[in-house]
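Its first residue numbered 37, the sequence shown is counted upward by one per residue in this note's numbering.
Encoded as structure tokens, the structure appears first; notes follow it.
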Amino acid sequence: MLKICTYPDSILTTPAKDVQFPLDSDTSQLINDMWEVVKANGVGLAAPQVGVSKKICIVNLSSTEKGKEAKDILLINPRITFSSQIQHEMVEGCLSFPKEYYKIIRPANITVEYQDQNNRNKKLNASKWLSRVIQHEIDHLNGQIFINKGGLKIDPNQVNTNDIVD
């Protein structure tokens, strides 16, 4: 299984590189390995978190959307094209920052454009929780870390880990 890079590893604060198509076998394997990691450990994962400078992130919805038909999301070369003026505050955690939690304010709704693994252009409108997870993962691709968002640090003993973004 891939190893999670933890702060202060410099890859976490370095913008990732665009992914070229068609995907080579190493990139396809990376995506498969990332799914294995996120399904075991969290809801979202970006390639820099496993030491690879590529604009790839994934969201494991099936573990969180209980009782709903949820599809996991793979985003390659994603970019946010719309952010709402409505803001929402939630507690976030991160696999790269074990046992650290912060209240972070982010736009409640976004539109993200990305490519799938077959180089098809996609657009996704996301709100609330999904919007937050995608923003958190895209921040990783841009070399931005959530602890620098100015949020209030939360005592880990006061956090319900079922309700956080990581």
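The beta-carbon is built from N, C-alpha and C at its ideal position, and this holds for glycine as well.
Query	Result
CB-CB length for residue 94 against residue 71, believed under 8 Å	6 Å
Residue burial classification, residue 196 (beta-carbon count within 10 angstroms, cutoff 16)	exposed
Burial state of residue 107, where buried means 16 or more other Cβ atoms lie within 10 Å	exposed
Sequence-distant residues of the same chain with beta carbon closer than 6 Å to residue 42, five excluded per side	132
Reduced DSSP category for residue 70 - H, G, I as helix; E, B as strand; rest coil	helix
Reduced DSSP category for residue 81 - H, G, I as helix; E, B as strand; rest coil	strand
Status (buried if at least 16 other CB within 10 Å, exposed otherwise) for residue 142	buried
Beta-carbon proximity of residue 190 to residue 139, cut-off 8 Å	yes
First and last residue of the uninterrupted beta strand (DSSP E) at residue 169	Taken as a continuous stretch (DSSP letters only), residue 169 belongs to no beta strand (DSSP E), being part of the alpha helix (DSSP H) at 164-177.
Pairwise C-alpha distance: residue 167 and residue 147	8 Å
Assigned secondary structure, residue 48 (DSSP; H/G/I helix, E/B strand, else coil)	helix
Identity of the residue in 58, 60, 61 and 38 nearest residue 84 by Cα	38
Simplified DSSP state of residue 75, which is helix, strand or coil	helix
Touch test, the region 109-121 against the region 148-165, Cβ-Cβ under 8 Å, three pairs minimum	yes
Proximity of residue 81 and residue 73 at Cβ, strictly below 8 Å	yes
Nonlocal neighbours in the same chain, by C-beta distance under 8 Å from residue 40, ignoring five residues either side	73, 77, 85, 86, 131 and 132
Candidates 121, 45, 122 and 153: closest to residue 62 by CA position	153
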